[in-house]
Structures are given as structure tokens and as C-alpha cells.
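Student: Quick one: structure below, then a few questions.
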Amino acid sequence: MDLQLCYNASEDTFPLPRYIKERYGPFGFPAPADAHRPYISSNFVMGLDGRASFRELTDRTDGNVVSRSREDRWLMDFLRAHHDGQLIGASTLRDEQNPEGRGWDYGIDDEELRRYRQDTLRFGRQKVLVLSGSGNIDLTLRIFSSPRVEAWIITAREGQENLRSQLKGLGREGTIKILSVGEGTRVDLVAAAQLLRQEHGIRTLLCEGGPTLYGEFLKNQLIDEDFRTMSLQVLGESTKPGIDRPTAYGQVSYTPGTAPWFRLISLHYALPYHAFFRLRYEGPRTFQD
Ligand SMILES: NC(=O)c1ccc[n+]([C@@H]2O[C@H](COP(=O)([O-])OP(=O)(O)OC[C@H]3O[C@@H](n4cnc5c(N)ncnc54)[C@H](OP(=O)(O)O)[C@@H]3O)[C@@H](O)[C@H]2O)c1
2 MDLQLCYNAS EDTFPLPRYI KERYGPFGFP APADAHRPYI SSNFVMGLDG RASFRELTDR
62 TDGNVVSRSR EDRWLMDFLR AHHDGQLIGA STLRDEQNPE GRGWDYGIDD EELRRYRQDT
122 LRFGRQKVLV LSGSGNIDLT LRIFSSPRVE AWIITAREGQ ENLRSQLKGL GREGTIKILS
182 VGEGTRVDLV AAAQLLRQEH GIRTLLCEGG PTLYGEFLKN QLIDEDFRTM SLQVLGESTK
242 PGIDRPTAYG QVSYTPGTAP WFRLISLHYA LPYHAFFRLR YEGPRTFQD
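Quick note: the sequence shown, position 240, residue 241 per our numbering, numbers continuous.
In C-alpha cells:
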């Protein structure tokens, strides 16, 4: 592990072990501007061209992994340790298969960070929330039986019916927490965020993608911070027609006047291939000519 600190203007609210603080500097969140929903951060790795996935290359041994950095893996665990809940979109769950084909559980691998979350922060078992409108999720994936995490699904009415009937077919009724927020297959994200804060104790939420989910959160002004790993490689476009290698930002579109800006909170790097930005959402800026 060779994480280097370049700049860090973070709040200093978490009781980091000394060896982590020496490497990372202080870490904390500000008081939330909106107490009705969690403080929401996102974490992505992206290439120099902004793309976040080799998408269609799932059958290759080198897979569609963008990061390939031990420091990035450690920082992901560091962020998971500090948030009450993690959120991923259903397509990420469907796309990201491990060699055994049972998917990942999105748990913390670093043993020291896992113990720090459990014993020092006392945040309990990791909660990994999957967002799906359709409810078309393979409930036999590892995430739904891993002892390291508690998996919840956030969906709307039709997705809930689909998931309940799948669970019934598997003889596992009532074993997965399903929150239904909205009609049909669309989840009302603002209402879902409020529900998580007010009825399920989620004070901080880490959005781990993918780009569609992140873009919707950004559109709904539900992003407070971005953690961005810049991996110094170029992904380029897919050669397969109809396949889009997405940027981290999904389907958003702005003008110079509406484009949201982010303020730099910290910058770390790991030579020679990775830079790690922590950014805080500010919204559109005005300029005087
Ligand atoms: N580089 C990185 O750090 C990173 C991080 C994460 C993912 N990725 C990559 O990104 C790709 C997947 O991203 P993606 O943009 O295609 O998909 P995604 O954001 O992971 O998931 C999209 C899905 O989330 C559900 N969803 C999103 N908003 C919703 C809403 N308002 N109401 C109901 N459901 C909603 C829908 O699920 P249903 O279809 O079930 O209705 C939708 O199809 C993968 O290749 C993955 O490897 C990269």
C-alpha cells in the first residue's frame, strides 16, 4: 500500500487509528444540509476519458475491471467502513460477475477496516442496498446469503410483486428486506432517501454506481460528495454496435449555466497510475465577465 497525501481539508470527526490518519489525514463529514435524508457520497473509478466500464468484456479473464489498484481497493473499504449503507444499481449487480459466477457481496475485505467499523464505529453489519425497478434480480447471488453483509432491495410496486413471487418459489419468503417506494417500476428516489433516513436509520449512504443510478441521484440533487479514482488509462468505445461504455455520470445533460460544480476536499495519489479525488457538491456557479 503506497497511498500518498497531497491535500486534505476534511472535517476531522472520525476516530481513525493513528496509522491510518498518518497516511490519509483527517476524515469526517459536515453536518447534513438536509436532515430528512442521508448524507450521500458516491464512489467511482474512471479512466482518463471519463469512462467507468469496459462493459461488454465480461467473458475475458481480465474482465471489465477499470481500477487495478490496491490503494483504490483499500479506499473503497475505507469508505464502506464509514457509511451506514451502500447502494448499487441492479445492472451493476447483473454485470459484475466473479469467476464462480455468483457475483460479489460488496463486503469489506481489509480486516483492520472491518474491525474498525465493527468495534470502534459500531456501525453494525454492512447494509448493501440494491436498487431495481423491475425486480429482475437473481436472488441466489452471493450477496443475498453472505454473512458479511445484509442485503436489502429498494423497488416499486411491480418489482416488489416480482421479487415476492421469486422468493416464494425459492421457499425463502421474508428473508430479504424489500422496500417499495413508488408505483409501477419507477422508484421515487427522493422519497426512498427520506425513508432510509427516517425509518431505517441510514444517516450516511455510499452510492457505488453504476452510472445510471448515479446520474439519477445527481439530477435529483441527492449527491453531497464524490470520491473519484482517476485511473490513468483510456478505455475508448466498444466495438460492438449498440453497446455504450458509460462515463460515471449516466444520462445527465447541462449547460454552462446549469452545470454543477464540485469543490476539492482532498487529493491523494498512488504512483504511477492513480489519483484519488474527494469532491463536495456545490451546484451551478455564477461568473462575472
Ligand atoms: N467504475 C466504477 O466505479 C463502476 C461502479 C459501478 C458500476 N460500474 C459499471 O457500470 C455498469 C452498470 O451501470 P449502469 O448505468 O448500466 O446500471 P446501474 O446504474 O448499475 O443500474 C441501473 C438499474 O438500476 C435500477 N434503477 C436506477 N434508477 C432507478 C429508478 N429511479 N427506479 C427504479 N429502478 C432504478 C434499474 O434496475 P432494473 O433494470 O432492475 O429495473 C436500472 O436498470 C457495469 O458495467 C458496472 O461494472 C462501474
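Every residue, glycine too, gets a C-beta built ideally from N, C-alpha and C.
1) Measure the alpha-carbon distance for L196 versus V188 and round it to whole angstroms.
2) Would you say N9 touches ligand 1, meaning its beta carbon is less than 7 Å from a heavy atom?
3) Looking at ligand 1, does it come within less than 7 Å of T186, judged from the CB to the closest heavy atom?
4) Alpha carbon to alpha carbon, what distance is there between L94 and Y215?
5) For Y1, which three-state DSSP category applies?
6) Enumerated in chain order, which unbroken segments of the beta strand (DSSP E) with a length of 3 residues or greater are wholly contained in the stretch 155–221?
7) Would you please state the rounded distance, in angstroms, between the beta carbons of D50 and V235? I believe it to be under 8 Å.
8) So H83 is in the alpha helix (DSSP H); what residue range does that whole segment cover?
9) So, at 6 Å on beta carbons, what are the nonlocal neighbours of E209 in its own chain, with the 5 sequence-adjacent residues on each side left out?
10) Tell me which residues share the same chain as D78 and place their Cβ nearer than 8 Å to its Cβ, disregarding the 5 neighbours each side in the sequence.
11) Step through the CB atoms of chain D and report whether any lies within less than 8 Å of the CB of Y255.
12) As a quick exercise: from E72, D139 and L132, pick the residue whose alpha carbon is nearest that of G104.
13) What does the Cβ neighbour count give for R19, buried or exposed, with the cut at 16 atoms within 10 Å?
14) Please report how far the alpha carbon of S232 lies from the alpha carbon of Y250, in whole angstroms.
15) Quick check: the stretch 160–176 against the stretch 2–16, are at least 3 beta-carbon pairs closer than 8 Å?
16) Under the rule that 16 or more other beta-carbon atoms within 10 Å means buried, what is W262, buried or exposed?
17) For a test of the three-state rule: what should DSSP assign to Y255, helix, strand or coil?
Tutor: Based on what the coordinates show:
1) Separation of L196 and V188 (C-alpha to C-alpha, rounded to the nearest whole angstrom) is 12 Å.
2) Not so, every heavy atom of ligand 1 lies at least 7 Å from the Cβ.
3) Because some heavy atom of ligand 1 lies under 7 Å away, the Cβ of T186 counts as near it: yes.
4) Rounded to whole angstroms, Y215 to L94 spans 14 Å at the Cα level.
5) Nothing in the structure corresponds to residue 1, since the chain is present only between 2 and 290.
6) Runs of the beta strand (DSSP E) inside the stretch 155–221: 178–181 and 205–208.
7) The beta-carbon separation of D50 and V235, rounded to 5 Å, stays under the 8 Å limit for a contact.
8) DSSP places H83 inside the alpha helix (DSSP H), whose first and last residues are R71 to H83.
9) Excluding residues within five positions, the ones whose Cβ falls inside 6 Å are N44, Q87 and I89.
10) Here the set comprises I109, D110, D111, L114 and R115.
11) Given the protein chain composition of this structure (a single chain), no chain D is represented.
12) Minimum Cα distance to G104 is reached at D139.
13) By the neighbour-count criterion, in which a residue is buried when 16 or more other Cβ atoms sit within 10 angstroms of its Cβ, R19 is exposed.
14) Rounded to the nearest angstrom, the gap between the Cα atoms of S232 and Y250 is 16 Å.
15) Cβ pair count under 8 Å is below three, so no.
16) Under this definition W262 is an exposed residue.
17) Of the three classes helix, strand and coil, the one that applies to Y255 here is coil, per DSSP.
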